[in-house]
Amino acid sequence: MTSVNEISVVPPMTAAGAEVPATREATAGGIPGQPGAITEPSGPPAGTCPSALPPPGGGPYLNPQLYAVLVHRFGHVRVVNKGQPMVVGIATINDRPSPDVRSPGETYKICCPWCHDFKFHFRVAHGFGTVHAETGRRIYYARCFRCEKGGRDLFELLGQARLGRVALPAPSPLIQPQPEDAYRTPGDCANLLDPMYPGAAKACTYLAGRGLDPKFVSEVYGWRYCWRGDPQTMHGGCAGRIIMPVTRDGVEVGWQARLAYDPPQDRKDHDFTAIRWLTMPGTGWRSKNLIGYDQAKAYEFCILVEGPTDMARQGPPCIGSLGQTMSHAQFELIASTWGTGKGVIVMGDAGANEDRVVAKTVHELRQRCTCPVWAPRLPHGDPGSWERREFMQFITAFVSANPRGTVHDEAQVAG
Ligand SMILES: [Zn+2]
Numbered sequence: 041m042t043s044v045n046e047i048s049v050v051p052p053m054t055a056a057g058a059e060v061p062a063t064r065e066a067t068a069g070g071i072p073g074q075p076g077a078i079t080e081p082s083g084p085p086a087g088t089c090p091s092a093l094p095p096p097g098g099g100p101y102l103n104p105q106l107y108a109v110l111v112h113r114f115g116h117v118r119v120v121n122k123g124q125p126m127v128v129g130i131a132t133i134n135d136r137p138s139p140d141v142r143s144p145g146e147t148y149k150i151c152c153p154w155c156h157d158f159k160f161h162f163r164v165a166h167g168f169g170t171v172h173a174e175t176g177r178r179i180y181y182a183r184c185f186r187c188e189k190g191g192r193d194l195f196e197l198l199g200q201a202r203l204g205r206v207a208l209p210a211p212s213p214l215i216q217p218q219p220e221d222a223y224r225t226p227g228d229c230a231n232l233l234d235p236m237y238p239g240a241a242k243a244c245t246y247l248a249g250r251g252l253d254p255k256f257v258s259e260v261y262g263w264r265y266c267w268r269g270d271p272q273t274m275h276g277g278c279a280g281r282i283i284m285p286v287t288r289d290g291v292e293v294g295w296q297a298r299l300a301y302d303p304p305q306d307r308k309d310h311d312f313t314a315i316r317w318l319t320m321p322g323t324g325w326r327s328k329n330l331i332g333y334d335q336a337k338a339y340e341f342c343i344l345v346e347g348p349t350d351m352a353r354q355g356p357p358c359i360g361s362l363g364q365t366m367s368h369a370q371f372e373l374i375a376s377t378w379g380t381g382k383g384v385i386v387m388g389d390a391g392a393n394e395d396r397v398v399a400k401t402v403h404e405l406r407q408r409c410t411c412p413v414w415a416p417r418l419p420h421g422d423p424g425s426w427e428r429r430e431f432m433q434f435i436t437a438f439v440s441a442n443p444r445g446t447v448h449d450e451a452q453v454a455g
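Read in our numbering, the sequence shown has 55 at position 15, and its numbers run on one by one without any break.
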């Protein structure tokens, strides 16, 4: 469940670990600042292999192949933090473990091909385009500091096939183990209802649009608005987000952070700024906790729903699992808190796959609880789209009709 290699470095391509002062810039491939034809890069001549290019001046670089591709494509490349390794941790983004670049190390600067930049505003980490061993996901750490273009845009521009050849050796040596579950602040936050923050007002509008009462989620669940992201946490990416804290016995142990708007379809989850959900880094805290637990624990029963918005729409005693799969610790927590009470209710959205997930969850809970376990299926929509009064009436009716508990399909549980 938890990863020991929380932090790893991408080791140098070359054996030569030349120490160069971090701030020194090495320029190669021409006169810096010379625009040339950079604004409209053209493809490489057919049959040209990056590794066949003459060795660039000022080397060796940590990723000479990527460097060569960039020189070939953009003409001028500057190098900063030469020789410094990339430090990569693991963050959970949209429920998946993803590489979290804490420090890019050696970085190649090019003139951004998208915004008529002549001043090398586009920075490309030397580990760009490589696959992160621990998560199996590609690192897209590159960005223009003038326009919104990022690593994925560059990756498309350069072509996946070409970059496939720019493979670094598998990262790994552990350099700086962080305490598992270390709490990290999302940044400076304000009350959602604080009129001093226009962003908070926008967030309230967004919540209201999803049927959530900003006052309720603020008072009952402590949701707040992050107006300045902590640069140490996901590069400040929590700025402008709604922070949904996860508490355990009154102590905040983690959070999820939702964009305060829905990005347009073509930008959805496209880069870091458009990712809808961020979760505090670390896997341990998340697998041991449930969102809404503190608010629900005094009840004799609980209702497990899919995510924070469903939970907040219906209020206590709803709880959320913080991910698509649940851990043993989470099942144990439910069983020890409600398993000897009146019952545990598991909600799922409609759909065949969802049924399987619900059936498995019910199965796990039945192993641990002495109380009945119910899995009512809503006739339409999900818990986030129901009025609380009707939702509770539906559940009450379902429970009274099935006093010993039910599942959707007994056969699926057996399998
Ligand atoms: Zn740009």
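Don't be surprised by glycine CBs; every beta carbon is placed ideally from N, CA and C.
Residue i vs residue j beta-carbon contact at 7 Å
i, j, result
"Ala336", "Ile359", "yes"
"Gly322", "Gly269", "no"
"Gly239", "Gly280", "yes"
"Cys409", "Val384", "yes"
"Ala173", "Tyr246", "no"
"Tyr148", "Tyr107", "yes"
"Gly445", "Trp414", "yes"
"Pro357", "Met284", "no"
"Met102", "Glu146", "Here the sequence assigns Leu to residue 102, which means Met is not the residue at that position. Going by C-beta atoms, Leu102 is nearer than 7 Å to Glu146."
"Ile133", "Ile315", "yes"
"Leu232", "Tyr265", "yes"
"Asp135", "Gly363", "yes"
"Phe431", "Gly381", "no"
"Ile150", "Phe168", "no"
"Trp263", "Ala230", "no"
"Ile343", "Val286", "no"
"Gln296", "Thr319", "yes"
"Arg298", "Trp325", "no"
"Ala131", "Val257", "no"
Where residue i falls, given that 16 or more other Cβ within 10 Å makes a residue buried
i, result
"Leu197", "exposed"
"Phe503", "As shown, the chain starts at 41 and ends at 455. That puts residue 503 outside it, with no answer to give."
"Tyr223", "exposed"
"Asp157", "buried"
"Thr175", "buried"
"Gly424", "buried"
"Ile435", "buried"
"His166", "buried"
"His368", "exposed"
"Val291", "exposed"
"Val127", "buried"
"Phe185", "exposed"
"Gly123", "buried"
"Arg205", "Residue placement at Arg205 is poorly supported in this model, since its pLDDT is 48, which falls under 50; the coordinates are not used for a value here."
"Thr365", "exposed"
"Met236", "exposed"
"Pro443", "exposed"
"Ser440", "exposed"
"Asp350", "buried"
"Thr63", "Its pLDDT being 34, under 50, Thr63 is placed unreliably by the model, and the measurement read from it follows with that caveat. So Thr63 counts as exposed."
"Glu346", "buried"
"Gln407", "exposed"
"Ser361", "buried"
"Lys328", "buried"
"Ile71", "Note on Ile71: pLDDT 35, under 50, position unreliable in the model; the coordinate value appears next. Exposed, by the Cβ-count rule."
"Ser376", "exposed"
"Pro125", "buried"
"Arg429", "exposed"
Supposed contact pair residue j and residue i - C-beta distance, whole angstroms, cut 8 Å
i, j, result
"Phe438", "Pro416", "4 Å"
"Arg177", "Ser138", "5 Å"
"Val110", "Val164", "A quick correction: the sequence has Leu, not Val, at residue 110. Indeed they touch by this definition, with Cβ atoms about 7 Å apart."
"Cys187", "Cys152", "6 Å"
"Asp289", "Asp334", "7 Å"
heavy atom of ligand 3 below 6 Å from residue i C-beta
i, result
"Asn231", "Among the ligands modelled here, namely ligand 1, ligand 3 does not occur."
Nearest-residue set for ligand 1, Cβ under 7 Å from any heavy atom: Cys152, Trp154, Cys155, Asp157, His161, Phe162, Cys184, Arg186, Cys187 and Lys189
Can we say the stretch 115-131 touches the stretch 250-259, given the rule of at least three CB pairs closer than 8 Å?
no
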